[in-house]
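Q: Which chain is which? The protein sequence lines are A and B, in order. Everything in the first sequence is counted per our numbering, starting at 1 for the first residue and increasing by one. Everything in the second sequence is counted per our numbering, starting at 303 for the first residue and increasing by one.
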Amino acid sequence: MTTKIQTNEKMVEKPKRRTIGDFIKQQPLGFIGIVMIIIMFLAAVFAPYVAPYDPTDIDFMASPALGGGQPSIEHPLGADAFGRDILSRLIFGARTALSIGFFSAFIGCSIGAIIGTASAFFGGKVDLLIQRFIDLMLSFPIIVLAIVVIAIFPKTVIFGIDVNVIVAIAIPFIPKTARVIRSQALAIVTLPYVDAARANGFSAKRIIFRHVLPNVTAPFLIMMTAFIGQAILLEASLSYLGLGVVEPTPSWGLMLAGVNADYYRSAPWMILYPGVAVSVAVFSFNLFGDSLRDWLDPKLKL
Amino acid sequence: MLQYALRRILLVFPTLFAVAVLVFLVLRVVPGDIVEIKMTAEGGIVSQEEIERERERLGLNEPLYKQFFTYMIGLPRGDLGVSLWTERPVSQEIGSRIALSFELAILSTILAVLIAFPLGTLSALYRGTVLDYVIRIITIGGIAVPSFWLGMLLIMFAITFFGKLPPLGTVSIFDDPLTNLYQLIWPALSVGYRYSSVVARMLRSSILEVLSEDYIRTARAKGVFERLVIVKHGMRNALLPTVTVIGLEFAFLLGGLVVTESVFNLNGIGKLFVDSVVRNDLNLLQGLVLTVATCFVFVNLIVDLLYAALDPRIRYQK
Numbered sequence: 001m002t003t004k005i006q007t008n009e010k011m012v013e014k015p016k017r018r019t020i021g022d023f024i025k026q027q028p029l030g031f032i033g034i035v036m037i038i039i040m041f042l043a044a045v046f047a048p049y050v051a052p053y054d055p056t057d058i059d060f061m062a063s064p065a066l067g068g069g070q071p072s073i074e075h076p077l078g079a080d081a082f083g084r085d086i087l088s089r090l091i092f093g094a095r096t097a098l099s100i101g102f103f104s105a106f107i108g109c110s111i112g113a114i115i116g117t118a119s120a121f122f123g124g125k126v127d128l129l130i131q132r133f134i135d136l137m138l139s140f141p142i143i144v145l146a147i148v149v150i151a152i153f154p155k156t157v158i159f160g161i162d163v164n165v166i167v168a169i170a171i172p173f174i175p176k177t178a179r180v181i182r183s184q185a186l187a188i189v190t191l192p193y194v195d196a197a198r199a200n201g202f203s204a205k206r207i208i209f210r211h212v213l214p215n216v217t218a219p220f221l222i223m224m225t226a227f228i229g230q231a232i233l234l235e236a237s238l239s240y241l242g243l244g245v246v247e248p249t250p251s252w253g254l255m256l257a258g259v260n261a262d263y264y265r266s267a268p269w270m271i272l273y274p275g276v277a278v279s280v281a282v283f284s285f286n287l288f289g290d291s292l293r294d295w296l297d298p299k300l301k302l
Numbered sequence: 303m304l305q306y307a308l309r310r311i312l313l314v315f316p317t318l319f320a321v322a323v324l325v326f327l328v329l330r331v332v333p334g335d336i337v338e339i340k341m342t343a344e345g346g347i348v349s350q351e352e353i354e355r356e357r358e359r360l361g362l363n364e365p366l367y368k369q370f371f372t373y374m375i376g377l378p379r380g381d382l383g384v385s386l387w388t389e390r391p392v393s394q395e396i397g398s399r400i401a402l403s404f405e406l407a408i409l410s411t412i413l414a415v416l417i418a419f420p421l422g423t424l425s426a427l428y429r430g431t432v433l434d435y436v437i438r439i440i441t442i443g444g445i446a447v448p449s450f451w452l453g454m455l456l457i458m459f460a461i462t463f464f465g466k467l468p469p470l471g472t473v474s475i476f477d478d479p480l481t482n483l484y485q486l487i488w489p490a491l492s493v494g495y496r497y498s499s500v501v502a503r504m505l506r507s508s509i510l511e512v513l514s515e516d517y518i519r520t521a522r523a524k525g526v527f528e529r530l531v532i533v534k535h536g537m538r539n540a541l542l543p544t545v546t547v548i549g550l551e552f553a554f555l556l557g558g559l560v561v562t563e564s565v566f567n568l569n570g571i572g573k574l575f576v577d578s579v580v581r582n583d584l585n586l587l588q589g590l591v592l593t594v595a596t597c598f599v600f601v602n603l604i605v606d607l608l609y610a611a612l613d614p615r616i617r618y619q620k
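(1) Would residue 324 of chain B and residue 136 of chain A qualify as a contact pair, given that the criterion is a beta-carbon distance under 9 Å?
(2) So, with DSSP's three-state summary, where would you put residue 620 of chain B?
(3) Considering only their Cβ atoms, is the gap separating residue 274 of chain A from residue 451 of chain B smaller than 9 Å?
(4) For the alpha helix (DSSP H) holding residue 208 of chain A, just list the boundary residues, first then last.
(5) Okay, do the region 515 to 534 of chain B and the region 480 to 487 of chain B touch, 3+ Cβ pairs below 8 Å being the bar?
(6) Less than 8 Å between the CB atoms is what I'm expecting for residue 295 of chain A and residue 27 of chain A, so what's the real figure, rounded?
(7) According to DSSP, what are the bridge partners of residue 161 of chain A?
(8) Please confirm whether residue 320 of chain B has its beta-carbon closer than 9 Å to some beta-carbon of chain A.
(9) With a cut-off of 9 Å, does the C-beta of residue 296 of chain A fall near any C-beta of chain B?
(10) Flag residue 210 of chain A as yes if its beta-carbon sits less than 9 Å from any beta-carbon of chain B, otherwise no.
(11) Taking residue 266 of chain A as the reference, which of B/458, B/571, B/506 has the closest Cα?
(12) Could you name the residues of the same chain whose beta carbon sits closer than 8 Å to that of residue 620 of chain B, not counting the 5 residues immediately before and after it, in chain order?
(13) For residue 259 of chain A, list the residues DSSP reports as bridge partners.
(14) Residues in the same chain with beta-carbon distance under 6 Å from residue 421 of chain B, minus the five sequence neighbours each way, listed in chain order, please.
(15) Is the distance from the Cβ of residue 444 of chain B to the Cβ of residue 499 of chain B below 9 Å?
(16) Can you say whether residue 517 of chain B is buried or exposed, counting buried as having 16 or more other CB atoms within 10 angstroms of its CB?
(17) At a Cβ cut of 9 Å, what residues of the region 441 to 456 of chain B count as close to chain A, listed as they run along the chain?
(18) Classify residue 263 of chain A: buried if its beta carbon has 16 or more other beta carbons within 10 angstroms, exposed otherwise.
(19) Curious, which full-length alpha helix (DSSP H) runs of at least 4 residues does the region 120 to 189 of chain A contain?
(20) Counting only Cβ-Cβ distances shorter than 7 Å, please list the residues of the region 129 to 151 of chain A near chain B, keeping chain order.
(21) Contact between the region 213 to 229 of chain A and the region 178 to 189 of chain A: three or more CB pairs below 8 Å?
(22) What do you get for residue 126 of chain A, buried or exposed, if any count of 16 or more other CB atoms within 10 angstroms of its CB means buried?
(23) I'd like to know whether the C-beta of residue 105 of chain A is nearer than 9 Å to at least one C-beta of chain B.
(24) Determine the chain B residues that contact residue 279 of chain A at a beta-carbon separation under 8 Å, and present them in chain order.
(25) With a threshold of 8 Å on Cβ separation, who are the neighbours of residue 555 of chain B within its own chain once the five nearest residues in sequence on each side are excluded?
(26) Considering only the alpha carbon of each residue, which of A/172, A/76, A/222 lies closest to residue 53 of chain A?
(27) So does the region 545 to 562 of chain B actually touch the region 570 to 589 of chain B, counting three or more Cβ pairs closer than 8 Å?
(28) Can you look up residue 76 of chain A in the DSSP assignment and give me helix, strand or coil?
(29) Where does residue 384 of chain B fall in DSSP's three states?
(30) I'd like to know whether the C-beta of residue 392 of chain B is nearer than 9 Å to at least one C-beta of chain A.
(31) Looking only at its chain, what residues have a beta carbon closer than 6 Å to the beta carbon of residue 207 of chain A, apart from the 5 residues adjacent to it on each side?
(32) Under DSSP, the alpha helix (DSSP H) around residue 559 of chain B begins and ends at which residues?
(33) Give the single residue among B/535, B/524, B/551 whose Cα lies nearest to the Cα of residue 495 of chain B.
(34) Are any of the Cβ atoms in chain A nearer than 9 Å to that of residue 408 of chain B?
(35) If you reduce the DSSP assignment to three classes, tell me which class residue 85 of chain A lands in.
(36) Determine which residues share a DSSP beta bridge with residue 391 of chain B and list them.
Okay, here's the thing in structure tokens:
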């Protein structure tokens, strides 16, 4: 018995294990993406040590309203209307962007993945019902859905994290993930080992969580990376509109919201840098996400 | 084709019905009390009687099924209730602003398609060259750059180079088409960049997919001119998924307008949407969400019909 299995293993050529080195070689753009993500992450974690000022330190003498605030040695990227240092606010803003981005993408994708696999596993009427509901959810633009959630949920802040903003951003990701994960899971639920699990009398919950979900990890990771980028963009948009995080929390979108028409001429740095920060962050996640897809599952359609 | 079209058109009604039910459930049942939210948000201490009186006036004391009934009967007649803020009918509030948003959406689509087609095609045909890399970075950028920030940059650009802001407020296209276009081109560009990137990326990957098909090799093998291979055999087939993306993104453009209209201070439905949330005007919000979803359903319908017209395989499916 044992020998037989061994010969079988010899006959089937084992796929070569791909290493991080291969990823760097084959996906240089993705590597650049992940490096930038790591830099941002480190800056966010060590923000108090990296940032030259406290993000809420007000220095009215440096306000562009009084003709100050130009980028200088004291304020490398200039100061905002309250004379707060822009570089420091950007670094602390990375905390807001990355934490909200990560948590909302993670929550949205996880719920979506569970719904998607359950839908594929149960099939039949349950599947049909869930799919119709997902169709329905997908007929609202992401930001519209997010704003509706903001409108009906009371503002909740726990440990300085805006829970309602996270929920609002996470919900639009659920139907999208569920759709993609379901299509992947459909193939998996027909495999013999799922039948075997069924024959063993395992509960649906156990099969979904232990046998199907682990096998959709690749699309899950790919979607999550892409969604972190989108979530950061969405957080910036919501905060810009005054519907996301509120002052004095440093947030890139919020920094842009504080710009009024006068500053277009007198303090362009107030507009330039926060937008660059959002773009670079989203760009990095997109680069990394794209390469991750090419690397793990080139045929996956998002 | 006709049969397919009819079936597809009939499908719109149950979808719209489901959307209406969902919106009703979410905005009327889940959050609890609209009036309380509204009145407490207006500030001050509100007595229970005042809340009761307001509820009575807005018909919120009726049993839920009756409210649902009134709501569903009103919908086909375009009766979306009354704005809690301005006390004007929601349909009027939306009706007076939708033309502007619609024009902006069309303009951005035209811009996006005009930009996307050359970019996507060149990127696919010169795959792996410097040109391809440059175009890909431009298009990935389009998905990363927030449209409202791009809008702010455009305003800044206009100030620096023309010395003045693009005129705010709007002139109707029927009164003064040139001024109207000059006003709307900036917001259209800022939304259109993302739109064109998505379309260009789709076009690139579908051209690449099509060009590796057997019939392309056959066409090349029998000596068809390369230009003809690409245009007649390649592009026509690559257009299919691109059309879908153009349609889908058009619907999502309405989302992009939400932010962009605020940047340019344009009084369209996107700005109205934000205002309705800021003012806790849930009736108006409900009407707007319904409008957006309806647009989406109809755009989807048009895309599907177009798709069937372009691809015979679709219409012969069950």
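Glycine residues also receive a C-beta, built at the ideal position from the N, C-alpha and C atoms.
A: Based on what the coordinates show:
(1) yes
(2) Interpretation of residue 620 of chain B is limited by its pLDDT of 47, a score under 50 that renders its predicted location unreliable; no figure is taken from the coordinates.
(3) yes
(4) Here residue 208 of chain A belongs to no alpha helix (DSSP H), and DSSP marks it neither H nor E.
(5) no
(6) 6 Å
(7) A/158
(8) The beta-carbon of residue 320 of chain B is placed less than 9 Å from the nearest beta-carbon of chain A.
(9) no
(10) no
(11) B/458
(12) Residue confidence for residue 620 of chain B is low, a pLDDT of 47 falling below 50, so the modelled location carries little weight and cannot support an answer.
(13) DSSP links residue 259 of chain A through a beta bridge to no other residue.
(14) Annotation for residue 421 of chain B: 437, 502 place their beta carbon closer than 6 Å to its own, counting only its chain and skipping 5 residues before and after.
(15) yes
(16) exposed
(17) 442, 443, 445, 446, 447, 448, 449, 450, 451, 452, 454, 455
(18) buried
(19) Runs of the alpha helix (DSSP H) lying entirely within the region 120 to 189 of chain A and spanning at least 4 residues, in chain order: 124 to 137, 142 to 152, 163 to 188.
(20) Per Cβ criterion, the list reads 136, 139, 140, 141, 142, 143, 144, 147, 148, 150, 151.
(21) Because the criterion of three Cβ pairs below 8 Å is met, the region 213 to 229 of chain A and the region 178 to 189 of chain A touch.
(22) exposed
(23) no
(24) 443, 446, 447, 448, 451
(25) 407, 410, 411, 493, 497
(26) A/76
(27) yes
(28) The answer is coil: DSSP assigns residue 76 of chain A none of H, G, I, E or B.
(29) Of the three classes helix, strand and coil, the one that applies to residue 384 of chain B here is strand, per DSSP.
(30) At a cut-off of 9 Å between beta carbons, residue 392 of chain B makes no contact with chain A.
(31) 197
(32) 538 to 565
(33) B/551
(34) no
(35) The answer is strand: DSSP assigns residue 85 of chain A an E or B state.
(36) According to DSSP, residue 391 of chain B bridges with B/384.
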